[in-house]
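Trainee: I'd like to ask you about the structure that follows.
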Amino acid sequence: MKCSKCSNRAVIDMRYMQKQLCSYCFSRYYWQRVKRNIVRNNMLSRHDKVGVGVSGGKDSLVTLYVLKDMHYDVNAICVDEGISGYRDKTIPYVERFCEQREIPLTIVRNKDQYGITIDDARKRDPAKPACSYCGVFRREQLNRTARELGMTKLATGHNLDDEVQVILMNFFRGEVQRMARTGPVAGLVENELFVPRIKPLRDSPEKENVVYALVNGIEYDDIECPYSTDAFRRDIRNFMNQMEEKRPGTKFGILNAYDRMLPILQSGLENISAPLQCEKCGELTSSLVCKKCEMLQVLQEAA
Ligand code: SF4
Ligand code: ZN
C-alpha cells in the first residue's frame with residue numbers, strides 16, 4: 010500500500026476519503042485538521058493559557074502533544090480519581106510525557122480534595138455506576154484546578170467517536186438540553202468561575218489517534234478502567250463501528266449534521282436560568298447545592 014500523496018509506504022488507510030497515507034503525510038494531515046478545527050470553532054487565541062486534562066491515555070496525550078507542538082501555552086492537569094490497578098498505572102505515563110517535554114503538570118487527587126476515592130464510592134454505593142460519581146468529580150476537579158492555575162481554556166481529549174456516541178446517546182434518550190451542550194466549545198455558561206472547555210480532537214477518529222501516537226513516539230497506556238460498564242454506550246459504539254465499516258464517513262456525517270443543527274438547538278435554550286453558586290462549596294450549579302456536594306453527602310451518609 011503506497012501513500013496517495015508521496016508514494017512512500019502507507020501506514021493508514023483512510024477509507025472515508027479514499028486515501029492511504031505514509032507516516033509523514035498522515036501526521037501533517039492530522040495536525041492541519043486539528044488546527045482547522047481550532048480556528049473554525051474559535052477555540053483558542055494566542056493569549057489563551059490552556060489547561061489540558063490528561064489521563065495517560067492516547068487521546069489526552071495526543072491533545073497535549075499537538076497543542077504544545079502548535080506553541081500554545083499549555084499546562085497539563087491530571088485527576089487521580091483513586092481507582093487502584095488503573096489510574097496508578099496510567100499516571101506514570103503522564104509524568105514521563107510531561108517531564109520529557111518540559112510541560113508543567115498538576116496532579117489533583119479525589120482523596121485529597123473530597124476525602125474519598127472512586128474505589129470508596131463504589132464500595133459505599135454499589136448500586137450506582139462508579140462513572141456517575143467519577144464524571145461529576147472529575148469535571149469539578151478540572152474546572153476548579155484550571156481556574157486556580159489561571160487557565161483561560163480547558164482542553165479535553167474527546168475524539169470523533171466519543172462525540173458521535175454522546176450525540177446519539179442524547180438523541181436516543183431525548184435529552185435535547187444536553188445535546189445543546191455537546192458542541193466544540195462545551196457548556197453554555199459565561200461566568201468567571203467556569204473555564205470554557207474545548208475539544209481540539211473532536212473530528213479526529215479514535216483509530217487515527219492511535220496511529221498518530223504511534224508514529225510520533227507518544228507512549229500511553231490503553232488499559233481499560235475496571236468500572237467501565239456503560240452498556241448503552243458500548244451498544245452505540247459497536248453500532249457506529251459497524252456502520253462506519255459498511256459506509257465509511259458515517260461518523261463524520263453525524264458530526265457535520267449535528268454541527269449544523271447546533272445553533273438551532275442552542276437558540277431553543279436561551280431562556281435557561283442563570284447559574285447559581287452552590288451554598289456549600291461556591292461552585293456553579295443550577296440548583297441550591299451542586300451535584301458534587303449532593304453526591305458527597307450521600308457517600309458520607311453511607312460511610
Ligand atoms: Fe471514571 Fe467510569 Fe471513566 Fe472509570 S470508566 S475512569 S469510573 S468515568
Ligand atoms: Zn457544591
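For the sequence shown, my numbering begins at 10 and goes up steadily by one.
We treat Cβ as the ideally placed atom computed from N, Cα and C, and that holds for glycine.
Residue 294 and residue 308 - do their beta-carbons sit closer together than 7 Å?
Mentor: Cβ distance not < 7 Å, so residue 308 and residue 294 don't count as in contact.
Trainee: Considering only DSSP beta bridges, list what residue 114 is partnered with.
Mentor: For residue 114, which the question treats as bridged, DSSP gives the partners 85.
Trainee: Ignoring anything shorter than 3 residues or poking outside the segment 174–254, list the beta strand (DSSP E) runs there in chain order.
Mentor: Counting whole runs of 3 or more residues, the segment 174–254 contains no beta strand (DSSP E) stretch at all.
Trainee: Using three-state DSSP, classify residue 53 as helix, strand or coil.
Mentor: The answer is coil: DSSP assigns residue 53 none of H, G, I, E or B.
Trainee: So what does residue 28 bridge to, in DSSP terms?
Mentor: 23, per the DSSP bridge assignment.
Trainee: Roughly how many whole angstroms lie between the Cα atoms of residue 44 and residue 75?
Mentor: C-alpha separation (whole angstroms): 9 Å.
Trainee: May I ask which residues mark the beginning and end of the alpha helix (DSSP H) holding residue 298?
Mentor: That residue, residue 298, is in no alpha helix (DSSP H); it is neither H nor E in DSSP.
Trainee: Taking the alpha-carbon positions, what's the residue 205 to residue 194 distance?
Mentor: Each residue's alpha carbon lies about 7 Å from the other.
Trainee: For the beta strand (DSSP E) holding residue 155, just list the boundary residues, first then last.
Mentor: That residue, residue 155, is in no beta strand (DSSP E); its alpha helix (DSSP H) goes 139–157.
Trainee: What residues are listed by DSSP as bridge partners for residue 61?
Mentor: Answer is 85 and 164, bridged to residue 61.
Trainee: So that I know if they touch, is there some Cβ in chain B lying closer than 7 Å to that of residue 166?
Mentor: Among the protein chains of the structure shown there is no chain B, as only one such chain exists.
Trainee: Helix or strand or just coil, what does DSSP make of residue 18?
Mentor: The answer is strand: DSSP assigns residue 18 an E or B state.
Trainee: Should residue 236 be counted as a contact of ligand 1 given a C-beta to heavy atom distance under 6 Å?
Mentor: Correct: residue 236 has its Cβ closer than 6 Å to ligand 1.
Trainee: Going by other Cβ atoms of all chains shown within 10 Å of its Cβ, with 16 needed for buried, is residue 312 buried or exposed?
Mentor: Residue 312 is exposed by the Cβ-count criterion.
Trainee: Only counting the same chain, and skipping five residues up and downstream in sequence, which positions put a Cβ closer than 6 Å to that of residue 106?
Mentor: Within the same chain, residue 106 has close Cβ partners 70.
Trainee: Can you check DSSP and say which residues form a bridge with residue 285?
Mentor: In the DSSP output, where bridge partners are listed per residue, residue 285 has 294.
Trainee: Is the beta carbon of residue 292 within less than 6 Å of some heavy atom of ligand 2?
Mentor: Under cutoff, so the answer is yes.
Trainee: When you compare the CB positions of residue 98 and residue 232, do they come within less than 7 Å of one another, or not?
Mentor: Cβ atoms of residue 98 and residue 232: closer than 7 Å.
Trainee: Within 10 Å of its beta-carbon, does residue 126 have 16 or more other beta-carbons around it, so buried, or fewer, so exposed?
Mentor: It is buried - the Cβ of residue 126 has at least 16 other Cβ atoms within 10 Å.
Trainee: Excluding five sequence neighbours on each side, which residues of the same chain lie with their C-beta closer than 6 Å to the C-beta of residue 114?
Mentor: These residues qualify, in order along the chain: 85 and 107.
Trainee: According to DSSP, what are the bridge partners of residue 260?
Mentor: Partner(s): none; residue 260 has no beta bridge.
Trainee: Under DSSP, the alpha helix (DSSP H) around residue 130 begins and ends at which residues?
Mentor: Per DSSP, residue 130 belongs to the alpha helix (DSSP H) from 127–133.
Trainee: Cβ of residue 98 versus every heavy atom of ligand 2: is any distance shorter than 6 Å?
Mentor: False, no ligand heavy atom lies under 6 Å from that Cβ.
Trainee: Grab me the residues of residue 128's own chain with a C-beta within less than 8 Å of its C-beta, minus the 5 sequence neighbours each way, in chain order.
Mentor: 91, 92 and 93.
Trainee: Give the straight-line distance between the Cα atoms of residue 305 and residue 186, rounded to the nearest whole angstrom.
Mentor: Each residue's Cα considered, the two are about 25 Å apart.
Trainee: For residue 176, which residues from the same chain have a beta carbon less than 8 Å from its beta carbon, with the 5 sequence-adjacent residues on both sides left out?
Mentor: If we look at residue 176 and ignore the five residues flanking it on each side, its Cβ neighbours are 188, 191, 263, 264 and 267.
Trainee: What I want to know is whether the C-beta of residue 166 ends up closer than 6 Å to one or more non-hydrogen atoms of ligand 1.
Mentor: Because no heavy atom of ligand 1 lies under 6 Å away, the Cβ of residue 166 does not count as near it: no.
Trainee: Hey, could you find the ends of the alpha helix (DSSP H) residue 69 is sitting in?
Mentor: Note, residue 69: alpha helix (DSSP H), 67–78.
Trainee: Thinking residue 150 and residue 88 are a contact (beta carbons under 8 Å), I'd like their distance in whole angstroms, please.
Mentor: Confirmed, Cβ separation roughly 5 Å.
Trainee: Using only the alpha-carbon positions, how far apart do residue 55 and residue 47 sit?
Mentor: Spanning the two alpha carbons is a distance of roughly 12 Å.
Trainee: Three or more C-beta pairs closer than 8 Å, one from the segment 109–123 and one from the segment 149–169: is that the case here?
Mentor: The answer is yes - the segment 149–169 touches the segment 109–123, with three or more Cβ pairs under 8 Å.
Trainee: Using the Cβ count rule (16 or more neighbours within 10 Å means buried), how would you classify residue 167?
Mentor: So residue 167 counts as buried.
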